[in-house]
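Letter by letter, the sequence shown follows residues -1 to 280 in this note's numbering.
All C-beta atoms, glycine included, are put in the ideal place defined by N, C-alpha and C.
Computed from a predicted model, the values in this text were never measured in an experiment.
Written out below as structure tokens is the structure these notes cover.
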Amino acid sequence: MTDGRCQETFTQKIISKLYLSDSFSDVSLKFGDESLPAHKLLLAASCPKFSELLTNDDENKQNETVRELDVSHISKQLFMVVLKYIYWGLIDLKSMSDDDIMKLYSLTEELQFHELIQIVGKALNEITVTVENVGKIYEVADRFKLLALNKKCIDFVDKNTTRILKKLEIFTKYPLCFIKAISELESFSRKQLELFEANVKWREINPESNSTAVFQNMRLDFVEPDKFDEVIRPTGLISDNQYFNAHRQKKINSSKIRKTVIVVFFSYILMCLFSLIQRLLS
């Protein structure tokens, strides 16, 4: 009887010999001026993206062979991690920084490398969330719809609002998607002035970003009129109309909630009366 594990080990041993070898190489991976030898069959079999890149979809060039892949836009260091996994079946995530794990996860998603997505995704979820890295982790979670990781970040923010707002040097490095997300959290509703001042600082440090989007999700309905006049209005960054509309919307929402509560209450009373009548008639 053949031992499947021995067969697998033998196959891996053969494939690993081809790693960065010119032997039977039929495609070059280009990093700027540097090229590395690779093998189409192994690349294409590893993930859909390589298969797509190595297939010539141009009807006029279908008979031409793709001999070079320009991957200069990808970090060579991270790409080599992927390449080594393809040829060796090995990956050392313990020696990688949290930042590199996040970047590697993004790369595996870009390549649609499902096996590595699972492996690196597990390491990504095990990263300890801190004030320093929560923005980057949230950005990855938001981009790739990682709901559990997204919730992990938001839960951390809810418990650390004061620390996040105090460390402005770190706050100004947060991605815009993260700031927009935390701005509408209930935990920040009573700290809108501190959040506004932090957002102003973020805008100064990131002038290339959308200058108004950073204030987009602020809970202006929690800002008292005198504080709006004193702190926010002089900056000209949020208009009076935006402020008044926020308060008007709050009143509309409150009115809807009251109406809903009244409807539910009377529905309950009617159900109780109907039930009572049924019992009396039976």
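Contact between Ile177 and Asn148 does not hold, since the beta-carbon distance rounds to 15 Å and is not under 8 Å.
Shown here for Lys150: same chain residues with a beta carbon closer than 7 Å to its own, the five before and five after excluded, namely Val127 in chain order. Ser14 and Tyr85 have their alpha carbons spaced roughly 5 Å apart. When Cys175, Glu192, Phe220 are compared, the shortest CA-CA separation from Phe242 is found for Phe220. The alpha-carbon of Gln116 is positioned some 16 Å away from that of Leu81. Only residues of its own chain outside the window of five on either side were considered, and among them Lys178, Ala179, Ser181, Glu182 have a CB closer than 8 Å to the CB of Asn215, listed in chain order.
Take Cys45, set aside five residues on each side of it, and the residues of its chain with a beta-carbon closer than 6 Å to its own are Leu109, Gln110, Phe111, in chain order.
Gln10 has its alpha-carbon roughly 37 Å from the corresponding atom of Tyr136. For Asp24, no alpha helix (DSSP H) encloses it, and the DSSP letter there is neither H nor E.
Val118 is a Cβ neighbour of Leu102, given a cutoff of 8 Å.
In the DSSP assignment, Leu67 is bridged to Leu27. For Leu18, the secondary structure class from DSSP, reduced to helix, strand or coil, is coil.
DSSP places Leu34 in the strand class (E or B) of the three-state scheme. With contacts defined as CB atoms closer than 8 Å, Gln190 and Leu235 fail to qualify as a contacting pair.
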